[in-house]
Amino acid sequence: MLDDTVYDALKQIVGSDNISKEPAILDGYAWQWCNEVENTLKGKDPSRFGQRPDAVLLPCSTEEVQAIVELCNSHDVKYKALSTGQGAWAGVTTERAIQIDLRRMNRILKIDPDNMYAVIEPYVTNAQLQSELIKYGLIHNAQGGGPQTSPLASHTSFVGPSFTSAHTGYSGRNLLGAEWIVPTGEVLQVGSFDHTGEWFTGDGPGFSLRGVFRGAYGAYGGLGVFTKCAIRLFTLPLPKGWEWKMTGTIPDHEWNLPEYWKMYVLNFPDWEKFEDAFYEVNDHNVSMMAMASSAEGLASMFTNTKNGALDAIFAGLLMHTKRYFVVMLTAHTEREFNYRTKLIQAIMVKHDGEELIEKGIVTPMPMHYAEGLRNSLGNHAFRFTSCFQSTHGGLDTIAMSVKICQINLPIKQKYIEKRVIGDDRGEGMWITGYEGGHLAHAEIPTVYDPASPESCRGYAYYQDECNKADIEQALGIPFFIVGDDVHDYYGPNVMNYQNWLRKIKAAFDPNEASDPGHYVSAKK
Amino acid sequence: MTLDEMERMMDSCVRCSKCKFLPGIMVRSKEFSSICPSIDRFDFHAYSGGGRVIMANALHKGRLEFTEEMLDILYKCTNCGACEVVCKFFYELEPNEIIHELKVAAVEAGVGPMPNHKKFIEQVESVHNPYGEPTDKRSSWLTDDIELDENSDTIFFAGCTASYRREEIASASVRVLNAAKEGFKMLGPDEYCCGSPVYRVGDKKRALEIMKDNVEKFKAQGVKRIITSCSGCYNMLKVEYPRFVETDFEVVHTSQLMESLISEGRLKLTNEVPLKVTYHDPCHLGRMAEPYEPWEGELVEVLTLVFMADPPKPIRRGANGVYDAPRNVLKQIPGIELVEMERIREYAYCCGAGAGVKAQYPDFALWTSGKRIDEAESTGASALVSTCPFCSTNFTDQLKEREEPMEFYDLTELVLKSIGGSE
Chain F
1 MLDDTVYDAL KQIVGSDNIS KEPAILDGYA WQWCNEVENT LKGKDPSRFG
51 QRPDAVLLPC STEEVQAIVE LCNSHDVKYK ALSTGQGAWA GVTTERAIQI
101 DLRRMNRILK IDPDNMYAVI EPYVTNAQLQ SELIKYGLIH NAQGGGPQTS
151 PLASHTSFVG PSFTSAHTGY SGRNLLGAEW IVPTGEVLQV GSFDHTGEWF
201 TGDGPGFSLR GVFRGAYGAY GGLGVFTKCA IRLFTLPLPK GWEWKMTGTI
251 PDHEWNLPEY WKMYVLNFPD WEKFEDAFYE VNDHNVSMMA MASSAEGLAS
301 MFTNTKNGAL DAIFAGLLMH TKRYFVVMLT AHTEREFNYR TKLIQAIMVK
351 HDGEELIEKG IVTPMPMHYA EGLRNSLGNH AFRFTSCFQS THGGLDTIAM
401 SVKICQINLP IKQKYIEKRV IGDDRGEGMW ITGYEGGHLA HAEIPTVYDP
451 ASPESCRGYA YYQDECNKAD IEQALGIPFF IVGDDVHDYY GPNVMNYQNW
501 LRKIKAAFDP NEASDPGHYV SAKK
Chain U
525 MTLDEMERMM DSCVRCSKCK FLPGIMVRSK EFSSICPSID RFDFHAYSGG
575 GRVIMANALH KGRLEFTEEM LDILYKCTNC GACEVVCKFF YELEPNEIIH
625 ELKVAAVEAG VGPMPNHKKF IEQVESVHNP YGEPTDKRSS WLTDDIELDE
675 NSDTIFFAGC TASYRREEIA SASVRVLNAA KEGFKMLGPD EYCCGSPVYR
725 VGDKKRALEI MKDNVEKFKA QGVKRIITSC SGCYNMLKVE YPRFVETDFE
775 VVHTSQLMES LISEGRLKLT NEVPLKVTYH DPCHLGRMAE PYEPWEGELV
825 EVLTLVFMAD PPKPIRRGAN GVYDAPRNVL KQIPGIELVE MERIREYAYC
875 CGAGAGVKAQ YPDFALWTSG KRIDEAESTG ASALVSTCPF CSTNFTDQLK
925 EREEPMEFYD LTELVLKSIG GSE
C-alpha cells in the first residue's frame, strides 16, 4: 500500500478531485477483459478481477504525468497508464502500483490536411478523430478494438490492424512522432517533431526511437507513458459537401452511402484460389477494405442483432460460403470506380470466384459500410456470447495468414468438441491485407462464455495451445504476447529477442517503475 | 431481478467503455460524442455505466462494502439509460437495470438513499409530493375557465413538478385539451405522486406501496385513461407500474395526444409561431419509455455456448420510445423550424436532473443541463423545446445563469400559442 506521504504528494500534483484510493473506484480498473484468461494461466480462478491498484490518478497535462512518473521513481512505486483501457494489459500487475488514467487528456491538437497527419492526446477516440477527419476527406487507421478506443494507445503501444487496413495499414506503422515520458520521467519528443517543430515523419530528420519504444508489437504500456502522438492520415473518397448522416432507430440505421462506394463478397472454391485472388486484389491497391472471415463472421458483420446473425447462419451461409473475402471499393470519380470495379470482377473471374451480394446470399446495409469505416464491424462478434478474443495475430504474408487459419482449424475443433468455446466449426478467422502487396494480418477470433469458469479456463488452455502452435509451426509471434513468461517462451525461438527487450527496459527504466507485467522485466 | 440474478450479466462486462460514448457510427463530431453525463463530469471509470456494473459485481462478490464515497458515485447517476442503449448495440447487458438494482440494494442495506432523497421521500409520504407543498395547493394553477368533465373516465395527471413548479405546463396542457374538446377530469388534491422519485433512488418497497395506492385510487375513480404532460409520470404509469401491479388503464403523453388531435382536425394550428427550435428528448419519454415486454420461453443452445431465445425475446433497446409524436407536432406548427441536435432520440444526452440528482447534487445537474444547452445552441436554434417538466426545471435553472440565453418552451406551450389559446 502507498503510505500517506506518497499519496499526499501525488494529490499535490493532480489535485484532490483527480486522485482516489476508494476501493469502489479502484475496482473499476482492477476488472479487465482477459484477466480471466491470465488468471487461469497463472493457476488462479478465472476472474476478471486482477490486481487492484493502490490509487488512480487523472492527470491533465504532460507536466502532471511527468511529475507522477518522477515521484513513482523516487518512492519505489510502479505505475501503469491507460486511455480507454480495455484488456488485462491496461491494468497494473503488482502491489504498490498506481493507475494513471489519461481520460482528461483528450484533445485533438492538430489536423494538418495538407501534410496529412494529426496530433492527438491519449483519450481521443477513433470515432471522435474520424468524425473530425472526415470533414477534410481524410481518415486514419482506427484499430479493430473499436470506435471507442484510443488511436494513440494503438499507434504507440500496440498492434492495430483494422477493417480499412488495405488502405490505411496498421497503427504501429503510422506513428509519425510521439511525446514520450520515458520510464524515469524525462520527456522525449521523437520523430521529426524535435527537429522542425512539426510532427511529420517518425524516422527523422530528428531522433527516431520507434524501434525502441514500440518495435513491432508495442510495449503494452510497460515502458513509460505517451502523452501526444502524430499519426499518418489517408485520403477518403467523398463527394464535395458530403456530410455524415445516420438516421433511423437502433438497431437498424440508415447511412448516406457516398457515391462510388460498393462492397463485394468474393467467394472462391478453395484456399489456393482465395489466396491468389487475395494477393491480386491487395497488390493492385484499389480497395478501402479487403478482409476475410468465416460464414459465421459474415453473418455477424452484416446483421444487427444476435438473432439476425444466427438466422443468417442457418438460412444458408454455411452452405454458400467457401473461402471468401470482402472488398469495399471507394473511388473519387465514376471513371476510377468503373476501373476498380472491372478489375475486381476480372480477378474474381480469373480465380473461379463468385460474388455473393449479387447472388443475394448476403446483403450489407449502408450502415455496415459505415461500421467498416468506423471499425465496429469486428465488435459484432461480441453478440454471440458477449465475449470473444483472438489468438495468433501474426503480421506476415498472405500465405502465412492462410497457413495460420489452416493449422488452427483442428486445434479449435478440439476445444469446440470439449464444449468450452463457441462452435464456428473451427473456421472462425479474420485476415486483412495491408500496405498493398503481399502483407496480411491473421487472427483467430474465438467466442467463449465469460460467465462460465469452465469456458474461461477452456479458452485459456486453447489460447496456450495456439501460442505453442505459433512456435512449433513457425507461424510468427502472436499479437497478445505479454509478460516475462511468454517472452521467455518465444524468445529462444526468435533469436532471443527477449534479451534485447530486457536491455531496453534496463536502460530506460533502471528503477523498473513502469509496470513490466505486460511487457518485460529487466531484472528477471 | 436481484443483483444475484444479474451476476451473469455483470460477469459479461468487457470494460470496453462503449457505455461512455455514442455508438461509433452515430458520432458526427468530437464535441458531442459522449453519452453519459456522470463519466463526463467525474472521469473515474466507476462513474460510467460499465464502472457501476463492476462496482455492483464487486459488492455482490464481497470485494466491496458500501462506503460514503461509493454511495456518492452510485447516486451521481441519473439512470438515464443511455449506457444501456449503447451497450445493447453489441451485448446482452443491462447496465441501467443493474445500477438501479444497486440502488435498491443500498436502500435494503440501510445505507441509501442519500439525505436529500430521504427528505423528499418523507414529503411524498406526508403530503404526497416531493416538494413538501400543501396538498390543497396542488391544483392552484387550475383557473376557473378550464372546463372539466366529472363524468369522464379520462384524467389529466399533472404530476408534482407541473403542479408545484412548472404550472405553465399544466396550464397549457389543459387549455389545449379544452380547445380540442377532449373531455377529462382531475383528481385535484387526491392526485398523489406517481412514485417516480421514490422508485428511482432505489426505495422500491415504498414505491410499490405508492403504485398500489394509486392504482386503487384510479380504479375507485373509474379511470380508464390517463393523460399526462410529465415524462416522468408517463414513464412510471406506462412502463414501471405494469411490471409490479395490475393496471387496466391507458397512459397517453400530451405529445402523443396532440399529434392525434391535430391529425383528426380537432386542434387547428393556425397562428404563426416564428421560431427556430431544437427538441430535447426526455429520457423518460424516449429510450426509457419503451415498455418491458414480458417474455416466457427457454434459451436454446443453437451452437455450442450460443443461446437463442425461443420464442424470440424482445430486447428493450430504446427503439420504441416516444420520438416521432413531439417532432410531428412541432413540424406542423406554422412558423416553426425544427433543427436537430447531434444526440437525439435513443441517443439523446440527459438533461441531468433525474433519479434524485437534482435534489442531492444540484451543481452536477446544472453542469449537465449546461452541456445539453451548449449542444442546443450549436444548432442555431433560438429556443429549446421539450416535453418534461423536470427537464424544463433543470434547463430553465441553467438558462437563468447564462448571458443571452435561448428560450425554453414545453411543447404544449407552443401548441397553445399556435391555436391562439395563449392570447
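Protein chains in written order, with the working numbering: chain F, 1 to 524; chain U, 525 to 947.
Just so you know, even glycine gets a beta-carbon here, dropped at the ideal spot from N, CA and C.
How close, in whole Å, do the beta carbons of residue i and residue j come, if the pair is a contact with beta carbons under 8 Å?
i             : j             : result
residue 590/U : residue 628/U : Residue 590/U to residue 628/U, Cβ: 13 Å. No contact.
residue 604/U : residue 572/U : About 12 Å; that fails the 8 Å criterion.
residue 774/U : residue 790/U : That pair is no contact at about 18 Å.
residue 266/F : residue 358/F : Between residue 358/F and residue 266/F the Cβ distance is about 10 Å, and since that is not below 8 Å, they are no contact.
residue 290/F : residue 433/F : 5 Å
residue 236/F : residue 134/F : 7 Å
What span of residues does the beta strand (DSSP E) with residue i cover, start to end?
i             : result
residue 267/F : 261 to 268
residue 390/F : 388 to 397
residue 764/U : Neither: residue 764/U is in no beta strand (DSSP E) and is coded neither H nor E.
residue 525/F : Here chain F comprises residues numbered 1 to 524, so residue 525/F is not present and cannot be evaluated.
residue 799/U : 799 to 803
residue 430/F : 430 to 433
residue 934/U : 931 to 934
residue 510/F : From DSSP, residue 510/F is part of no beta strand (DSSP E); its letter is neither H nor E.
Just curious, the alpha helix (DSSP H) that residue i is in, first and last residue?
i             : result
residue 849/U : 848 to 856
residue 891/U : 886 to 902
residue 524/U : Because chain U spans 525 through 947 in this model, residue 524/U falls outside it and cannot be assessed.
residue 156/F : 151 to 157
With 7 Å as the threshold, decide whether the Cβ of residue i is near any Cβ in chain U.
i             : result
residue 472/F : no
residue 120/F : no
residue 246/F : yes
residue 344/F : no
residue 361/F : no
residue 99/F  : no
residue 529/F : Since the first residue shown for chain F is 1 and the last is 524, residue 529/F is missing from the structure and cannot be characterised.
residue 379/F : yes
residue 384/F : yes
residue 266/F : no
residue 70/F  : no
Let's test the definition: count the other Cβ atoms within 10 Å of the Cβ of residue i and tell me whether it reaches 16, buried, or not, exposed.
i             : result
residue 615/U : buried
residue 525/U : exposed
residue 752/U : buried
residue 22/F  : buried
residue 492/F : exposed
residue 823/U : exposed
residue 403/F : buried
Is the separation between the beta-carbon of residue i and that of residue j shorter than 7 Å?
i             : j             : result
residue 795/U : residue 945/U : no
residue 577/U : residue 637/U : no
residue 419/F : residue 306/F : no
residue 783/U : residue 849/U : yes
residue 917/U : residue 689/U : yes
residue 759/U : residue 686/U : no
residue 872/U : residue 805/U : yes
residue 860/U : residue 939/U : no
residue 119/F : residue 109/F : yes
residue 694/U : residue 799/U : no
residue 613/U : residue 547/U : yes
Using 7 Å as the limit for Cβ to Cβ distance, is residue i near chain F?
i             : result
residue 615/U : yes
residue 594/U : yes
residue 545/U : yes
residue 626/U : no
residue 562/U : no
residue 734/U : no
residue 867/U : no
residue 829/U : yes
residue 913/U : no
Under 6 Å from any heavy atom of the ligand FMN, does the C-beta of residue i make it?
i             : result
residue 117/F : Ligands in the displayed structure: none, and consequently the ligand FMN is not present.
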